[in-house]
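**Student:** I'd like to ask you about the structure that follows.
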Amino acid sequence: MKVQLLIVFAFAFLAALATADSLQDEIDAARKKFCGGISVSKPTKGQVFNNPKKVKVTVKRKPNSLAKVINAVDLYMVNQNGTAKYLGTPWKNSYQLHTSATMTVDLTRAKGAKFPRQYEFRVWVRNEAGPDCTLMSKVFKARYPSHSNAAEEAEELAQLSPNIDKGCFGIDITKPAIGDHVSGRYQVQVAHDSASPVDTLTKVELFKVDVEDRQPIKVQESWVGDSLLYESFNIKDSLKEAATDDGKEYAYFYKLSGITQHDESCEFYSHPFYIDA
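With mature numbering (1 follows the signal peptide of the UniProt record, and there is no 0) applied, the sequence shown corresponds to residues -20 to -1, 1 to 257, in that order.
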C-alpha cells in the first residue's frame, strides 16, 4: 500500500511539473505574440537631453491585426551601482499605435528627478485582445540648461556609466550568497528587476579563483539556452567533474550572459562562494 501511495505521489508530482512547464510555454508564446514587433526606438543609447521638460519617446511596431494603445510612460532614474528607482508616471494618455507614435515627456513632473542623471522609460502598451506589454527604452541622459557650473556638469555627464547606457543592470545572483558553502546539487537563483532592459538569459558559466593568485579559471558551462526573464530564474547545479586535489584553495563565482530588449549583450557576476567536496 505504501509503495502504491509513493507511486501515486510520484506521478502527481511529475504531472504538476509538466503542467507548470506547459503553462510557462503558453505565457512565453503569448508574450511573443502580443509584444513581438514593437519597440522603443527613441531615446537612443546615451542620448543627452538639454531640456528635461521636452524628452521625446518614440514607439514603433510592425503592423498586424492586433490593436494596440499606448496608455502610460513610467520614469526610472538609474544610479551608478545599477539600481533603477521608480519616479512615477509623467505621461498618461491614450495613443493609438499604428506604425509609430511619439510622445513628449516632462521629466520634471516626476518627484525626485535630478540632473544630470541617467534615465529610462517604461512604456505601457495595451492590447485590446491580449495581455499588456511593457517596453523599456534605452538609457538616456538629461541635464538642466540653467545649471550654474557647466564645466562641473559636463564632467558629471562624462563620468556616468557606459555599461548602464547599454542597459546592463537589474540582474542579481542571489544564491549562492557571498561566502556560502555549498555541496552536491545546489540552487543557483537569479533575481530580475522589472526595470531591467535585460529580458533574455543565454548562458550561466561557473569559474573558480585561486584565493592567492586570484586568476579566474573557467570550470564549466552550467546552463546554455534562450530563456525569457521574469522575476527570477532558477537552476540546480553541481560540479560536472570532481575537483582536483592540488592543495590550493579556490573560491567560485558565476558569470551570466544576457541580451537586452535592444540586442545589447550584457555580463553579470556573482559574489564568491565555496564548493565543499
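Don't be surprised by glycine CBs; every beta carbon is placed ideally from N, CA and C.
This structure is a prediction, so every number in the text was calculated from the model and none was measured.
Between the alpha carbons of Leu(-16) and Pro23, how many angstroms are there, rounded?
**Tutor:** The predicted model places Leu(-16) with a pLDDT of 42, which falls under 50 and marks its position as unreliable, so this point remains unresolved.
**Student:** How should Tyr99 be labelled, buried or exposed, when 16 other C-beta atoms within 10 angstroms of its C-beta is the threshold for buried?
**Tutor:** Tyr99 comes out buried.
**Student:** Between Ile158 and Val170, what straight-line distance do the alpha-carbon atoms span, to the nearest angstrom?
**Tutor:** The alpha-carbon atoms of Ile158 and Val170 are separated by roughly 14 Å.
**Student:** Using the Cβ count rule (16 or more neighbours within 10 Å means buried), how would you classify Ala122?
**Tutor:** Its Cβ being crowded by 16 or more others within 10 Å, Ala122 is buried.
**Student:** Let me make sure I understand the geometry here. Which of Val189, Lys183 and Lys94 has the alpha-carbon closest to that of Asn31?
**Tutor:** For Asn31, the nearest C-alpha among the options comes from Lys94.
**Student:** Considering just the uninterrupted stretch of the beta strand (DSSP E) at Asp145, what are its terminal residues?
**Tutor:** No beta strand (DSSP E) holds Asp145; the alpha helix (DSSP H) holding it covers Pro142 to Asp145.
**Student:** In angstroms, rounded to a whole number, what distance separates the CA positions of Pro156 and Thr84?
**Tutor:** Approximately 44 Å between the Cα atoms of the pair.
**Student:** Look at the alpha carbon of Lys183 and the alpha carbon of Ala131, and state the distance between them as a whole number of angstroms.
**Tutor:** So the alpha carbons of these two residues sit roughly 42 Å apart.
**Student:** Going by C-alpha to C-alpha distance, which of Ile144, Glu6, Leu209 and Gly205 sits closest to Ser117?
**Tutor:** Closest by alpha carbon: Ile144.
**Student:** Does DSSP put Cys148 in a helix, a strand or coil?
**Tutor:** Note: Cys148 maps to coil in three-state DSSP.
**Student:** Between Ala90 and Leu67, is the Cβ-Cβ spacing less than 8 Å?
**Tutor:** It is a contact, given that the beta carbons lie within the stated cut-off.
**Student:** What does the alpha-carbon distance come out to for the pair Ser74 and Glu135?
**Tutor:** Whole-angstrom Cα-Cα distance: 39 Å.
**Student:** Short check: CB of Phe149 to CB of Gly62, under 8 Å?
**Tutor:** Going by C-beta atoms, Phe149 is nearer than 8 Å to Gly62.
**Student:** Assuming Asp54 contacts Phe14 under a Cβ cut-off of 8 Å, what Cβ separation, rounded to an integer in Å, is found between them?
**Tutor:** Actually they are not in contact, since the Cβ atoms of Asp54 and Phe14 sit about 19 Å apart, beyond 8 Å.
**Student:** Closer than 8 Å is the cut-off here; do at least three beta carbon pairs connect the region 178 to 196 with the region 204 to 223?
**Tutor:** Yes, they touch.
**Student:** So what does Val28 bridge to, in DSSP terms?
**Tutor:** In DSSP, Val28 forms a bridge with Lys121.
**Student:** Report buried or exposed for Val191, applying the criterion of at least 16 other Cβ atoms within 10 angstroms of its Cβ.
**Tutor:** It is exposed - the Cβ of Val191 has fewer than 16 other Cβ atoms within 10 Å.
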